[in-house]
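These notes are about the structure you will find just below.
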Amino acid sequence: MALRLVEDIDATGLLLLTLLCVIVEATMHWYQTRGERPGPKELRLQKEHAALAATAKKLNSVDMFVEHSKVLRQMNTLKKQEQTHAMMRMQQATVSPLAKFVQPVCLAVLVVVYWSTPLVAFPSGYLMPLERLLAMPFFPAGVISAGGWWCLCRRVLGKVLV
């Protein structure tokens with residue numbers, strides 16, 4: 001008699017939870033990292049600053065003091081503008097403190113919805129080191145619950161999206 005690997009499976013539930021987890025994780029990743037890169041105005045100012053710095057480096061500060069001072073003032077003005085744009089970008093990209101509650105609320109809702117429905121049932125002892133974690137909250141050993149699957153998907157997506 002052959003040993004059956006999977007005793008019971010809810011494929012639609014697995015697919016639905018996986019897609020929901022991917023959507024939620026990708027949205028949260030985008031929301032939390034949306035203001036990290038400088039915008040086009042900042043990049044333009046950085047290029048102008050670099051060009052002025054190269055010009056200032058070529059000028060002799062003793063012989064061409066007036067021109068050198070003028071270039072330095074322009075560089076300082078550009079740097080202040082760049083910092084102003086960066087501060088505005090960072091202020092607009094602040095993450096709401098409520099964002100940290102999205103994942104736990106999703107997990108709690110899924111546990112309530114799938115309270116009595118295991119997603120996958122393996123023979124007991126087949127998932128040995130992790131079977132109690134994947135069976136959370138109250139399923140028997142060898143069962144993957146919605147909460148366990150959600151945590152597993154989040155862990156994998158956390159490694160992929162970084």
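Heads up: the sequence shown begins at 1 in this note's numbering, then just goes up one per residue.
Cβ coordinates follow ideal geometry from the N, Cα and C atoms, glycine included.
- CA-CA distance, Lys58 to Leu98, rounds to 52 Å.
- The secondary-structure analysis by DSSP pairs Ala121 across a beta bridge with Asp8 and Val143.
- Here Ile9 has Leu119, Val120 and Ala121 as same chain residues with Cβ atoms under 8 Å from its own Cβ, once five neighbours each way along the sequence are excluded.
- Ala53 is the residue among Ala53, Leu133 and Gln83 whose C-alpha sits nearest the C-alpha of Ser69.
- Remark: C-beta atoms of Leu20 and Cys106 approach each other more closely than 9 Å.
- For Val112, the closest alpha carbon among the candidates Met88, Leu45 and Trp150 is that of Trp150.
- It is roughly 34 Å from the alpha-carbon of Leu134 to the alpha-carbon of Thr94.
- Here the alpha carbons of Gln46 and Leu78 stand approximately 8 Å from one another.
- Taking the C-beta atoms as reference points, Ala146 is found nearer than 9 Å to Thr117.
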